[in-house]
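Residue numbers (full-length UniProt numbering): 1 to 408.
So, in structure tokens, the structure goes:
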């Protein structure tokens with residue numbers, strides 16, 4: 001996931017660190033159509049190039065960002081103390097409600113709706129999710145989606161904004177404290193974003209992001225407890241605003257870090273993404289990450305996790321019932337079974353139930369030599385979501401679509 005909180009740093013065209021003389025610049029002209037990434041061959045070329053240059057990358061620290069994050073986290077710790085010592089019960093409840101609301105703006109909104117096109121939403125729901133996402137303040141929807149699509153298209157390479165191969169700290173928060181790798185910038189300039197440009201809600205937020213962010217993320221969360229609950233400024237600002245804000249930042253970041261390090265890999269043992277129930281709990285259902293990278297168009301982002309560990313799915317299902325969400329895309333049990341048997345680590349129940357663990361391990365031990373010409377499933381599956389031009393016809397045809405659009 002892509003929580004860059006600094007608007008300027010979130011836009012690749014504004015990043016000054018656009019080249020590294022010691023690195024090889026990738027020639028992608030032969031793999032583009034209309035300036036967009038559009039095929040599997042490009043994914044293969046990028047993987048080959050980024051693995052070659054990875055060790056040469058030198059990170060340049062953005063000290064302003066470092067100090068901002070240090071201040072935010074110290075203030076959030078103080079806010080946590082105030083929440084349990086000085087804050088009124090109404091402020092305590094408001095903080096947690098707002099925390100969940102803003103979280104849905106990231107999970108059900110920026111992530112599942114806009115980044116992966118896993119379902120469709122009518123205008124009222126898109127506006128609600130835009131406000132929730134702005135309250136979470138993880139940069140504009142446009143920048144968030146762009147970075148996240150790059151992450152899925154080039155996972156675990158130098159083109160991945162929060163490359164987990166660089167360690168927990170980098171993938172959690174460190175990537176926001178350094179200049180972007182030039183490949184992240186290059187891919188951000190050519191990844192397909194036409195759908196976002198055509199969404200008036202997204203472009204409205206992008207145009208007025210600064211005043212909207214100040215209003216929804218900082219002013220209203222502080223003002224409401226002060227005006228309605230007679231809370232002091234110090235308590236309101238440090239609890240409902242800063243603690244709530246930093247908590248959701250770290251919940252989102254944990255998907256990039258913890259869910260790419262710890263957990264089982266029942267669908268793709270090669271990917272760094274993993275199934276992590278702890279992350280799912282704190283990130284409103286986003287922790288079933290190995291599944292998500294295998295099937296990024298599934299609106300549930302996971303096979304496991306009922307509503308108790310996937311509140312975002314419950315949120316989407318509720319709005320589907322009232323007609324605000326529709327065309328919910330998911331994956332059939334047969335497709336899940338075949339993927340687990342073919343490329344998983346043998347931990348899936350399908351392997352155990354059918355007593356084919358040894359067979360699973362043999363099937364998943366496919367060639368991961370990036371220089372080979374084999375049709376490697378790990379490369380074929382490097383897509384960002386439903387409308388990625390590289391998604392296979394088979395995946396589209398086998399998808400299960402719930403709550404299909406009706407004219408209302």
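Idealized CB from N, CA, C, for every residue including glycine.
These figures come from a predicted structure and were not determined experimentally.
Between residue 162 and residue 206, the gap from beta carbon to beta carbon reaches 8 Å or more. Only residues of its own chain outside the window of five on either side were considered, and among them 246 have a CB closer than 6 Å to the CB of residue 72, listed in chain order. Judged by beta-carbon spacing, residue 297 lies beyond the 8 Å limit of residue 342, meaning their Cβ atoms are not closer than that value. Within the model, the alpha-carbon separation for residue 106 versus residue 349 is close to 31 Å. DSSP places residue 288 within a strand segment (E or B) once states are collapsed to three.
By the beta-carbon neighbour count (other beta carbons within 10 angstroms, threshold 16), residue 216 is buried. A distance of 8 Å or more separates the beta carbons of residue 178 and residue 150. Sorting 164, 175, 159, 136 by C-alpha distance to the C-alpha of residue 187 places 159 at the top. For residue 100, the enclosing alpha helix (DSSP H) stretches over residues 89–104. Non-local beta-carbon contacts of residue 259 in its own chain, meaning distances under 7 Å to residues more than five positions away in sequence, involve 273, 274, 276, 279, 287, 289 in chain order. With a minimum length of 3 residues, the unbroken runs of beta strand (DSSP E) contained wholly in the region 311–353 fall at 328–331.
Distance from the CA atom of residue 399 to the CA atom of residue 331, rounded to whole angstroms, is 5 Å. The region 111–124 makes no contact with the region 86–96, as fewer than three CB pairs between them are under 8 Å. Here the alpha carbon of residue 75 sits roughly 6 Å from the alpha carbon of residue 238. One thing to note: residue 266 has its Cβ no nearer than 8 Å to the Cβ of residue 385.
The Cβ neighbour count for residue 180, taken over all protein chains shown within 10 Å, is at least 16; the residue is labelled buried. Look at residue 275 here: in three-state DSSP terms it is strand. Here DSSP, grouped into helix, strand and coil, assigns residue 210 to helix. The beta carbons of residue 231 and residue 88 sit about 6 Å from each other, so the pair counts as a contact at 8 Å. Per DSSP, the unbroken beta strand (DSSP E) holding residue 399 starts and ends at 399–402. Look at residue 264 here: in three-state DSSP terms it is strand.
When secondary structure is reduced to three states using DSSP, residue 120 falls in the strand class. With respect to the 8 Å criterion, residue 171 and residue 135 are not classified as neighbours on the basis of their beta carbons.
Beta-bridge annotation (DSSP): residue 61 is paired with 178.
Closest in C-alpha terms to residue 90, from the list 314, 82, 294, 228, comes 228. When 167, 59, 145, 243 are compared, the shortest CA-CA separation from residue 78 is found for 243.
For residue 149, the enclosing alpha helix (DSSP H) stretches over residues 141–153. By the CB criterion at 8 Å, residue 285 and residue 249 fall outside the cutoff.
Only residues of its own chain outside the window of five on either side were considered, and among them 264, 266 have a CB closer than 6 Å to the CB of residue 347, listed in chain order.
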